[in-house]
Amino acid sequence: MNILLISGSPRKNGNTNALLEELTAGILEAGKHSVKTVDVTRMKIAPCLGCDGCKRGEKICVQKDDSRLLMNEMRQADYIVFATPVYWWGMTAQLKLAIDRLYADSSVLKGKPIGLIVTGADALDSPQYRLIREQFQCMADYVGFTLAFSKSISAGKPGEVHSQPDLLREIRDLGKSL
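Numbering-wise (this note's numbering), the sequence shown opens with residue 1 and increments by one.
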């Protein structure tokens, strides 16, 4: 199985990416699947124009940017994990841009299991985690994918997850279980 991890964190060495590294280690340790990480914050993805050009013909966006590469990666994946820090009670703008561009062909997610990792500075009972999870659940209901897991993590200071060995073990085990 091909597993695609999509990072929406602009902090290269932040908590979200550290958790994706741990998830990757678990996937590789299990030795059953291939894994690839794509960092949408390093890609050139323009906002959707709402022009419906993608609805005429081949379901390809008229804009020539990195969203085409991302869509191809998603098509090849059997399982996709989105990871984002919380920015103002939502996912990062970079990840939202990438998701908005799925308007061209949301079938790249249809029928696939999707995982979600959300990292924020607030306590886990804060509504920010619920809001992001519910947004992904709404997308799942609309597009037809399965929200296989949603993991919320409270860690606001850079590198904070490295001081939580139980959390790191849990994320590694999650990777092994995919």
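We treat Cβ as the ideally placed atom computed from N, Cα and C, and that holds for glycine. Bear in mind that the values here come from a model prediction, so they are computed numbers and not experimental data.
Among the options, the one whose alpha carbon lies nearest that of residue i
| i | options | result |
| --- | --- | --- |
| I80 | M43, V38, A155 | V38 |
| L113 | R56, A140, K12, V62 | In the sequence on display, residue 113 carries Pro and not Leu. Among R56, A140, K12, V62, the Cα nearest to that of P113 belongs to A140. |
| G57 | A104, S67, L131, G26 | A104 |
| D66 | A30, C51, L5, L97 | L97 |
| K176 | K32, Q94, N13 | K32 |
| F82 | T24, L5, P158, I153 | L5 |
| M43 | G159, R101, L49 | R101 |
| S64 | R75, I45, K151 | The question names Ser, but residue 64 is Lys in the sequence shown. The residue with the shortest Cα to Cα distance from K64 is I45. |
| R75 | K59, A30, I153 | K59 |
| S152 | V86, C138, M71 | V86 |
Residue interval of the alpha helix (DSSP H) (run including residue i)
| i | result |
| --- | --- |
| S67 | 67-76 |
| T16 | 15-30 |
| D122 | Here D122 belongs to no alpha helix (DSSP H), and DSSP marks it neither H nor E. |
| L147 | Careful: L147 lies outside any alpha helix (DSSP H), inside the beta strand (DSSP E) at 146-154. |
| S177 | 165-177 |
Boundaries (first-last residue) of the beta strand (DSSP E) holding residue i
| i | result |
| --- | --- |
| L4 | 2-7 |
Supposed close pair residue i, residue j - CB separation, criterion 8 Å
| i | j | result |
| --- | --- | --- |
| G111 | F149 | Not really, about 17 Å apart at Cβ, beyond 8 Å. |
| Y129 | V143 | Not quite, the Cβ-Cβ distance comes to about 21 Å (not below 8 Å), so this is no contact. |
| W89 | L131 | 6 Å |
Cβ-Cβ distance between residue i and residue j below 7 Å
| i | j | result |
| --- | --- | --- |
| I171 | L19 | yes |
| G8 | V40 | yes |
| N15 | A121 | no |
| N2 | A77 | yes |
| L168 | E21 | no |
| F136 | L109 | no |
| T84 | L95 | yes |
| C54 | C61 | yes |
Residue i, DSSP secondary structure in three states
| i | result |
| --- | --- |
| G115 | strand |
| D39 | strand |
| A93 | helix |
| F82 | strand |
Cutoff 7 Å: residue i Cβ touching any chain D Cβ
| i | result |
| --- | --- |
| P158 | Any reference to chain D falls outside this structure, which holds one protein chain only. |
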